[in-house]
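*Asks:* The structure's right below; bear with me while I get my questions together.
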Amino acid sequence: MKMGLSILEGRRLCRPTNNLAARRPSLQAVSLLITTIAAAAFCILPETADARDLIHKGDVVTVPLRGEVAPSLLAFLRRAVKTAESNEASAIIFEMNTYGGRLDTAADIVNVLNQTKIPTYTFINTNAGSAGAIIAIATQHIFMTPVSAIGAAAPILPTGEDLPATAKEKTISYWSALIRGSAIKNGHNPDVAEAFMNKDKEVKIGDRVIHLKGAVLTLNAQEATERINGKPFLAEGVADSIVDLTKKASLAGNVVAIEPTGFEQIAFWITALAPLLLLGGILGAYLEFKIPGVTWPGIISAVCFALFFLGHYLAGLAGWEVVALFVLGMVLVLIEILFFAHTTIVFGGRSSSLLCSRVICPARVFIGDSH
């Protein structure tokens, strides 16, 4: 990427300096595009008050765990768990709806959950597939909606293809051991946890064979909550909602939701749009070389590649959204002064709105009562 940028810079140095006036429309268009996207993104992001000001001792904290299991989700969950613990919440409920994602990220999330000092619950609201099943096993209590499923955690390549035989054997052997340990720590049947990943694992309780070898285990809500020898097979019960779960689990206190902040939500979007960003970066670089004298393809290419490779780090900047808007507003003011003085007030107006938008907008509070 560095080599590509240096080549782009070299090509620009070779262009005549009197092309600045001709490039102004391109610069104006790019700046307008960036401003519009930034303004739209921050205006539609969920506005949440600082969770530390909302959570009180004894409250029940809920955290959404939706979409792909990726580094951006890990950063959000770390913040949520730390916030719940520091405010002495009585329990934390992860509302899950995921088909899975990266195995290494799932392992990091499992590590975070296994070190949590307060009771942990997973509320499977439809899907806990693949990596989601591994994460659910790392919580102490599992509840499911009436129509939901958990399991099918066999490792595969990003393309959806199977791992090579030796690599697959090593991966399953190692991760099965970790999953079993996590299940034992949290009071779940380790054989069930291993069967989610290993199709050669038979699940047997007493003389009853629950799951035969030959396929990875997947359970619906009725199968997971079946009581065998007086104990639930995996999940403790079926719940229609978070409020229903708190009643069935006898959790007292207010229910407080921790939602992703602006940067965290943007990081989620970038994860979802990663293929398009990579395509945009390649296409922009191609157009930069094919169309001399045009600046915007190179700029768009650089932005797309930067977001593709570094976008998930935005989740680590949670809480700095207002500062980012202020900096963006100042940059746009400088663009106005340096390139478009006496020609337009578009950027000055937009930058002013960005500087003020998140400061004057009231925050919405996500809080309710468990009774």
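Count along the sequence shown from 1, add 7, and you get the number used in the working numbering. Don't be surprised by glycine CBs; every beta carbon is placed ideally from N, CA and C. Note that this is a predicted model, so its numbers are computed, not measured.
1. Using only CA atoms, which one of H195, S248, F296, V262 lies nearest to G65?
2. Does the Cβ-Cβ distance between A256 and A242 come in under 8 Å?
3. In its own chain, which residues sit with a C-beta less than 6 Å from the C-beta of E95, not counting the 5 before and 5 after it?
4. Assuming T166 and Q147 are in contact, meaning their beta carbons sit under 8 Å apart, how far apart are those beta carbons, in whole angstroms?
5. When you compare only the Cα positions, how much space is there between K238 and L224?
6. For I289, name the three-state secondary structure that DSSP assigns.
7. Looking at the strands, I want to know which residues DSSP matches up with N134.
8. Mind listing, in chain order, the continuous beta strand (DSSP E) runs of no fewer than 3 residues lying wholly within the stretch 222-290?
9. Within the continuous beta strand (DSSP E) that includes L164, where are the two ends?
10. Among the candidates A202, I289, G74, whose CA atom is the shortest distance from the CA of F275?
11. So which of V245, P78, T302, H218 has the shortest CA-CA distance to T388?
12. With 16 other CB atoms within 10 Å as the buried threshold, where does L61 fall?
13. Taking the straight line between their C-alpha atoms, what separation do you get for S248 and T152?
14. Which residues mark the beginning and the end of the beta strand (DSSP E) in which V310 is found?
15. For V88, report the span of its alpha helix (DSSP H) as first-last.
16. Between the C-alpha atoms of K192 and V154, what's the straight-line distance to the nearest angstrom?
17. Considering only residues of the same chain and omitting the five flanking positions on each side of R85, which have a CB-CB separation below 7 Å?
18. Quick check: the Cα distance between L270 and A82, rounded to an integer number of angstroms?
19. With DSSP collapsed to three states, give me the class of N121.
20. With DSSP as the reference, label F354 as helix, strand or coil.
21. Measure from the alpha carbon of Y293 to the alpha carbon of each residue in S180, S308, G300, then state which is nearest.
22. I'd like the span of the alpha helix (DSSP H) that includes P197, first residue to last.
23. Considering only residues of the same chain and omitting the five flanking positions on each side of A140, which have a CB-CB separation below 6 Å?
24. Can you tell me where the alpha helix (DSSP H) holding R109 begins and where it ends?
25. Which same chain residues, not among the five before or five after A29, have their C-beta less than 6 Å away from its C-beta?
*Replies:* Looking at the coordinates:
1. The sequence position of residue 65 within the sequence shown is 58, counting from 1. Per the Cα distances, V262.
2. Mapped onto the sequence shown, residue 256 falls at position 249. Mapped onto the sequence shown, residue 242 falls at position 235. No, Cβ-Cβ distance for A256 and A242 is not below 8 Å.
3. To locate residue 95, count along the sequence shown from 1; it is residue 88. The residues are K64.
4. Position 159 of the sequence shown, counted from the first residue, corresponds to residue 166. Position 140 of the sequence shown, counted from the first residue, corresponds to residue 147. The pair is not a contact, with the Cβ atoms about 35 Å apart (cut-off 8 Å).
5. Sequence index remark: in the sequence shown, residue 238 carries index 231 (1-based). Sequence index remark: in the sequence shown, residue 224 carries index 217 (1-based). C-alpha separation (whole angstroms): 19 Å.
6. Counting from 1 along the sequence shown, the entry for residue 289 is found at position 282. DSSP places I289 in helix when its eight states are reduced to three.
7. As a working note, residue 134 is residue 127 in the sequence shown. Answer is A156.
8. 225-227, 261-264
9. Residue 164 sits at position 157 when you count from the first residue of the sequence shown. Careful: L164 lies outside any beta strand (DSSP E) and carries neither H nor E.
10. One-based indexing of the sequence shown puts residue 275 at position 268. The candidate whose alpha carbon is nearest that of F275 is G74.
11. Lying outside 8 to 378, the shown extent of the chain, residue 388 is not represented and no answer is given.
12. The residue given as residue 61 occupies position 54 in the sequence shown. Flag for L61 reads buried.
13. For this step, residue 248 is matched to residue 241 along the sequence shown. For this step, residue 152 is matched to residue 145 along the sequence shown. Roughly 7 Å separates the two Cα atoms.
14. For the purposes of this step, residue 310 is taken as residue 303 along the sequence shown, with counting starting at 1. Run containing V310: none in the beta strand (DSSP E); it sits in the alpha helix (DSSP H), 303-317.
15. Here residue 88 corresponds to residue number 81 of the sequence shown, with the count starting at 1. Note, V88: alpha helix (DSSP H), 78-93.
16. The residue you call residue 192 lines up with position 185 of the sequence shown. The residue you call residue 154 lines up with position 147 of the sequence shown. So the two alpha carbons sit approximately 27 Å from each other.
17. Numbered from its first residue, the sequence shown carries residue 85 at position 78. Only V119 meet the Cβ criterion.
18. What you label residue 270 is simply residue 263 of the sequence shown in a count that begins at 1. What you label residue 82 is simply residue 75 of the sequence shown in a count that begins at 1. Looking at the sequence shown, residue 270 is not Leu but Phe. The straight-line gap from Cα to Cα measures roughly 11 Å.
19. Stepping through the sequence shown from its first residue, residue 121 is reached at position 114. Here N121 sits in helix by DSSP.
20. In the sequence shown, residue 354 corresponds to position 347, counting from 1. Any reading at F354 must be qualified, since the residue scores a pLDDT of 45, below 50, and its modelled position is unreliable; no value is offered.
21. Here the question's residue 293 lines up with position 286 in the sequence shown. Of the listed residues, the one whose Cα sits closest to Y293 is S308.
22. Along the sequence shown, one-based indexing puts residue 197 at 190. Element bounds for P197: 197-204.
23. Residue mapping note: residue 140 aligns to position 133 of the sequence shown, counting from 1. Cβ neighbours of A140 beyond the five flanking positions: I157, G158, A160, F203.
24. As a first step, residue 109 must be located in the sequence shown, where it is residue number 102. Taken as a continuous stretch (DSSP letters only), R109 belongs to no alpha helix (DSSP H), as it is neither H nor E.
25. Along the sequence shown, one-based indexing puts residue 29 at 22. Because the pLDDT of A29 is 45, which lies under 50, any placement of that residue in the model is unreliable, and the question is left without a value.
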